[in-house]
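One line per chain: the protein sequences are A and B, in this order.
To convert, note that position 43 of the first sequence is 99 in this note's numbering; the numbers rise steadily by one, no gaps.
To convert, note that position 524 of the second sequence is 609 in this note's numbering; the numbers rise steadily by one, no gaps.
Glycine is no exception: its CB is placed at the ideal position from the N, C-alpha and C atoms.
All values reported here derive from a predicted model rather than from experimental measurement.
For reference, the structure is listed below as structure tokens.
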Amino acid sequence: MEIIISILAGILFATAIYNLLQKQILRIIIGTVLLSHGAHLFILTMGGLKDRKPPILIDGIHEIEKYVDPLPQALILTSIVISFGITSLLLVLTYRTINENKTDDMAQLRGEENE
Amino acid sequence: MIFTVLIPLLLACFVPLISKLKDKIHTGIFIFFIPFVIFLYYIQFVGSDFTTMKQTINWIPSLGVNFNFYLDGLSLLFVLLISGIGALVVLYSIYYLGKDERLGHFYVYLLMFMAAMLGVVLSDNIYVLYTFWELTSISSFLLIGYWHFNERSRYGALKSMLITVFGGLSMFGAFILLSVITDTTSIQSMIEQKDIILNSTYLPFILVLLLLGAFTKSAQFPFHIWLPDAMEAPTPVSAYLHSATMVKAGLFLVARFSPIFSSYEWFFIIVSIVGIITLCWGSYMAVRQTDLKAILAFSTISQLGMIMAMLGFGTDLAIYAAVFHILNHATFKGSLFMVAGIVDHETGTRDIRKLGGLLTFMPMTATLALFGTFSMAGIPLPFLNGFYSKELFFDSSIHLTSNGLSSFAEFLVQVIPYLAVFGSIFTFVYSMYFFFGVFGGKNQLSLLPKKPHEAPIGMLISPIILVLGVIVIGLFPNLVNGTFLAHAADAVKGTVAEELHILFWHGWKTPLIMSLTVVGIGIVLTLTRKKWAGVYRFIPGKLSLFKLYDIVLEKLNSVSKGITKQYMTGSLRLYVAIILGVTLTLTFITMFATGGVTIQFDNLADVRVIEVSVVFIMIVAAIGTIFARNNVAIILIAGVVGYGVAVLFVIYRAPDLALTQLVIETVSVVLFLLCFYHMPKLRKRDETKSSKSINIIISVGFGALMTIIGISAHSSKWFDSIADYFIETSYKLGGGHNIVNVILVDMRGFDTLFEITVLGIAALAIFSLVKLKKNKEAE
Numbered sequence: 057m058e059i060i061i062s063i064l065a066g067i068l069f070a071t072a073i074y075n076l077l078q079k080q081i082l083r084i085i086i087g088t089v090l091l092s093h094g095a096h097l098f099i100l101t102m103g104g105l106k107d108r109k110p111p112i113l114i115d116g117i118h119e120i121e122k123y124v125d126p127l128p129q130a131l132i133l134t135s136i137v138i139s140f141g142i143t144s145l146l147l148v149l150t151y152r153t154i155n156e157n158k159t160d161d162m163a164q165l166r167g168e169e170n171e
Numbered sequence: 086m087i088f089t090v091l092i093p094l095l096l097a098c099f100v101p102l103i104s105k106l107k108d109k110i111h112t113g114i115f116i117f118f119i120p121f122v123i124f125l126y127y128i129q130f131v132g133s134d135f136t137t138m139k140q141t142i143n144w145i146p147s148l149g150v151n152f153n154f155y156l157d158g159l160s161l162l163f164v165l166l167i168s169g170i171g172a173l174v175v176l177y178s179i180y181y182l183g184k185d186e187r188l189g190h191f192y193v194y195l196l197m198f199m200a201a202m203l204g205v206v207l208s209d210n211i212y213v214l215y216t217f218w219e220l221t222s223i224s225s226f227l228l229i230g231y232w233h234f235n236e237r238s239r240y241g242a243l244k245s246m247l248i249t250v251f252g253g254l255s256m257f258g259a260f261i262l263l264s265v266i267t268d269t270t271s272i273q274s275m276i277e278q279k280d281i282i283l284n285s286t287y288l289p290f291i292l293v294l295l296l297l298g299a300f301t302k303s304a305q306f307p308f309h310i311w312l313p314d315a316m317e318a319p320t321p322v323s324a325y326l327h328s329a330t331m332v333k334a335g336l337f338l339v340a341r342f343s344p345i346f347s348s349y350e351w352f353f354i355i356v357s358i359v360g361i362i363t364l365c366w367g368s369y370m371a372v373r374q375t376d377l378k379a380i381l382a383f384s385t386i387s388q389l390g391m392i393m394a395m396l397g398f399g400t401d402l403a404i405y406a407a408v409f410h411i412l413n414h415a416t417f418k419g420s421l422f423m424v425a426g427i428v429d430h431e432t433g434t435r436d437i438r439k440l441g442g443l444l445t446f447m448p449m450t451a452t453l454a455l456f457g458t459f460s461m462a463g464i465p466l467p468f469l470n471g472f473y474s475k476e477l478f479f480d481s482s483i484h485l486t487s488n489g490l491s492s493f494a495e496f497l498v499q500v501i502p503y504l505a506v507f508g509s510i511f512t513f514v515y516s517m518y519f520f521f522g523v524f525g526g527k528n529q530l531s532l533l534p535k536k537p538h539e540a541p542i543g544m545l546i547s548p549i550i551l552v553l554g555v556i557v558i559g560l561f562p563n564l565v566n567g568t569f570l571a572h573a574a575d576a577v578k579g580t581v582a583e584e585l586h587i588l589f590w591h592g593w594k595t596p597l598i599m600s601l602t603v604v605g606i607g608i609v610l611t612l613t614r615k616k617w618a619g620v621y622r623f624i625p626g627k628l629s630l631f632k633l634y635d636i637v638l639e640k641l642n643s644v645s646k647g648i649t650k651q652y653m654t655g656s657l658r659l660y661v662a663i664i665l666g667v668t669l670t671l672t673f674i675t676m677f678a679t680g681g682v683t684i685q686f687d688n689l690a691d692v693r694v695i696e697v698s699v700v701f702i703m704i705v706a707a708i709g710t711i712f713a714r715n716n717v718a719i720i721l722i723a724g725v726v727g728y729g730v731a732v733l734f735v736i737y738r739a740p741d742l743a744l745t746q747l748v749i750e751t752v753s754v755v756l757f758l759l760c761f762y763h764m765p766k767l768r769k770r771d772e773t774k775s776s777k778s779i780n781i782i783i784s785v786g787f788g789a790l791m792t793i794i795g796i797s798a799h800s801s802k803w804f805d806s807i808a809d810y811f812i813e814t815s816y817k818l819g820g821g822h823n824i825v826n827v828i829l830v831d832m833r834g835f836d837t838l839f840e841i842t843v844l845g846i847a848a849l850a851i852f853s854l855v856k857l858k859k860n861k862e863a864e
């Protein structure tokens, strides 16, 4: 199963990068969102996907191999919040950019020559 | 000794204060005493019982970089030249520069240069030598560009800077190699260990790099091109830096290191050839010039070439002649520059075509020029010092031995005397051209901007002293011989040579015949100079190194601009593509080169239908984002991927993650939908096929890379997870059953703190982006 999830993460990365390289700003943001999904899945796979109990202690069971690895989950949780903050900032930035420049085409948003 | 180097630098700090008084009293009068006192201090060492002196003051002892000063015959000669001519130049500049000039700047630069030059010749530590060496380049740059409002001055200053700093850095390379090989930073210890250097495999590099430094500083062919352009500097500067002192720093370097390299055959070949070529080329080119200072610049180049060639010969006689000529050249060339400055000052032009017949107007100046030019030409008269050194030059050129040298060196030995005569003929021609062009012939007063008259006596003092030097050395050459020139020659040679007696009359020997040949052919060429004008103009014609330098500089600029424009297009997409492309290539190469790709199928979780179907839906949705042509569609399809991730979190037993992901995905989709109203419609954008295929290659490559990394990382577990610690202690230490939450707020609470900060900053930024709209009104 880890291989399949790795492939899924790879496909998410590929589509994310393809979107990043497009001209329209909305696509670029979608690209970053997909990229963070890919990264989260990537971290999750690193912890192993064996069918075990969720990382909530049940009285009496202290065997380590009974639970899922909790550390990647904590890392992903942090990461989700941070990427959400960035995505929302990017969205508002896009809104302002489009409002000010009347375009969302990256090919036109280049700045002046020799700037 | 160290104080003589540091005092000019220290006193330079006070010059701006003194220069405030310049309306009452000329700043140069204060400055004059500095080099004069230094000169008096060093004159005490002159004498036949001279012994070397050492002084050390720590600077960076842990790196072996200390102020090691070393005074031997060679440094004494240079120190006396620098301080003596320095004093004369300051005296001359008092009359040359008016009070309306920025005197403070001028004397600060000049003192800086003087200190740097004294440092160069006195340093025994190579790194300290290099420091002072670059300081001479910088102060020379400042002095050449003194009249910075002239475009030519700025051009000349930049050119000299680029060329001499290029050489300085090469020399630095040689110094590093030398200090690594010998494990010392002292030149004298290197001379003691010369066998190690001569047997080193780096020897060719050391020699070439070191000589690059010397050749660029001393304006040797083909690096001579900066010197004529440096003539834009005020004349006292040209007289001081570009005839007597700085351009001899290269000669000093070669002389200083010649005890190490003199037995190396290539040292003889390179230094002699470059010197002889510079001699011939410089003297030939000098005849073509029309500007007085340009003639003197090329003449300096050619004389420096002559000294360099003698240093290359390396015989006792040649080294003695070289040292002798360093002294002689400083006297007559310094006086000639001052004469050129006087002529410029009193007539308003330096163009030799407009000048002529000034003998009657400026008899004193003409007399000084007569001695200077005749000494430079090497005319056999007993009161001209130039003759003696030239005679010794001829003598040494015919007494070269080719014992045990290669056939090329042998050929060189045969040719050098003829080239020496050839170069000297032109030296004679331009010397006469200089003198008779300015002072002889008819006057053309109508062409002159000012009515010529004799210079003020103050301006004449310095050239008179220098010309007295020419005559005194000419009449009594043995006065300077045993007392300090012999010590200088010994320092260059590395051993004590047998004593030489300089005689005016040797009898009818080959050198005298060579001298007479030079004078004979020179007179013929001078008299028929007008007929040769066509030849002078035709060779080298349009092909010149000056143009080559301009073209190279211009091309360097335009080509690098072109290259930068190729990839710095301002397009962010291109930058992303480049960054990812490079990352991809490097990572793939590293992975396959180090065998990082491993796939193992054991220790994997089972494949289940439900997971596979979720994965399938997510893949379809992810690919769907690429093809979506509608704002709402793309947002919702991206949402499908997000909820898919949440489902996967549920399946893989991550309840907190699933919760967060669901909430945040929902909020994100809402945000997107809020924004989409303001977005232009998604349209199919024009995209060339090539850029589209590059995008596909990069994105597919990146996806494949991440997949391979994920699988390989999972297949190679190096050590167990640290999860057991968290599971064991979550309740014991953290007091919580939810391990993930205990990690977040207890075990790794700092992560959470700053993640909260990130959210706070994002919120503030969003708030200000929405609220602040002052730009339109403000502008």
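When burial is assigned at 16 or more other CB atoms within 10 Å of the CB, is residue i buried or exposed?
i	result
B:Ala53	Nothing can be reported for residue 53 of chain B, as the shown portion of chain B is limited to 86 through 864.
A:Gln78	buried
B:Cys760	buried
B:Trp366	buried
B:His233	exposed
B:Met599	buried
B:Gly845	exposed
B:Phe88	exposed
A:Lys109	exposed
Is there at least one Cβ from chain A nearer than 8 Å to residue i's Cβ?
i	result
B:Thr330	no
B:Leu638	no
B:Gly399	no
B:Glu864	Its pLDDT being 48, under 50, B:Glu864 is placed unreliably by the model, and the measurement read from it follows with that caveat. Chain A, which has no Cβ nearer than 8 Å to the Cβ of B:Glu864, makes this no.
B:Phe757	yes
B:Phe804	no
Taking C-alpha atoms, which residue in the options lies nearest to residue i?
i	options	result
B:His410	B:Asp134, B:Val725, B:Lys302 and B:Ala574	B:Ala574
B:Ile556	B:Val506, B:Gly471, B:Asn528 and B:Lys616	B:Gly471
B:Lys107	B:Ala172, B:Ile179 and B:Val213	B:Ile179
B:Ile437	B:Arg738, B:Gln499, B:Phe507 and B:Val523	B:Val523
B:Ile386	B:Arg341, B:Leu396 and B:Thr301	B:Thr301
B:Pro307	B:Pro548, B:Ser629 and B:Asn823	B:Ser629
B:Ile812	B:His822, B:Phe804 and B:Trp803	B:His822
B:Ser516	B:Ile598, B:Gly526, B:Ser368 and B:Tyr810	B:Ser368
B:Tyr155	B:Tyr518, B:Val213 and B:Val661	B:Val213
B:Arg614	B:Gln374, B:Ala505 and B:Ile796	B:Gln374
In chain E, which residues lie with their C-beta within 7 Å of the C-beta of residue i?
i	result
A:Gln129	Among the chains of the structure shown, chain E does not appear; the protein chains present are A and B.
Just reading off the alpha helix (DSSP H) that residue i is part of, what are its end residues?
i	result
B:Phe507	Ser492 to Phe524
B:Asn151	That residue, B:Asn151, is in no alpha helix (DSSP H); its beta strand (DSSP E) goes Val150 to Leu156.
B:Trp311	Trp311 to Asp314
B:Cys869	Lying outside 86 to 864, the shown extent of chain B, residue 869 of chain B is not represented and no answer is given.
B:Gln273	Ile272 to Glu277
The beta strand (DSSP E) with residue i in it runs from where to where?
i	result
B:Met138	Met138 to Ile145
Counting only beta-carbon separations shorter than 8 Å, does residue i have a partner in chain B?
i	result
A:Ile142	yes
A:Ile138	yes
A:Asn183	No statement about residue 183 of chain A is possible, as the shown extent of chain A runs from 57 to 171 and does not include it.
A:Leu90	yes
A:Ile99	no
A:Asn155	yes
Kindly confirm or deny that the region 452-460 of chain B and the region 356-364 of chain B touch, where touching means at least three C-beta pairs closer than 8 Å. no
For the region 502-521 of chain B against the region 474-481 of chain B, are there 3 or more C-beta pairs whose distance is under 8 Å? yes
Could you check whether the region 99-118 of chain B touches the region 180-192 of chain B, counting it as contact only if at least three pairs of C-beta atoms, one from each stretch, sit closer than 8 Å? Yes, they touch.
Specify whether the region 285-303 of chain B and the region 256-269 of chain B touch according to this definition: at least 3 beta carbon pairs, one from each stretch, less than 8 Å apart. yes
How about the region 393-407 of chain B and the region 526-542 of chain B: do they share at least three Cβ pairs that are nearer than 8 Å? no
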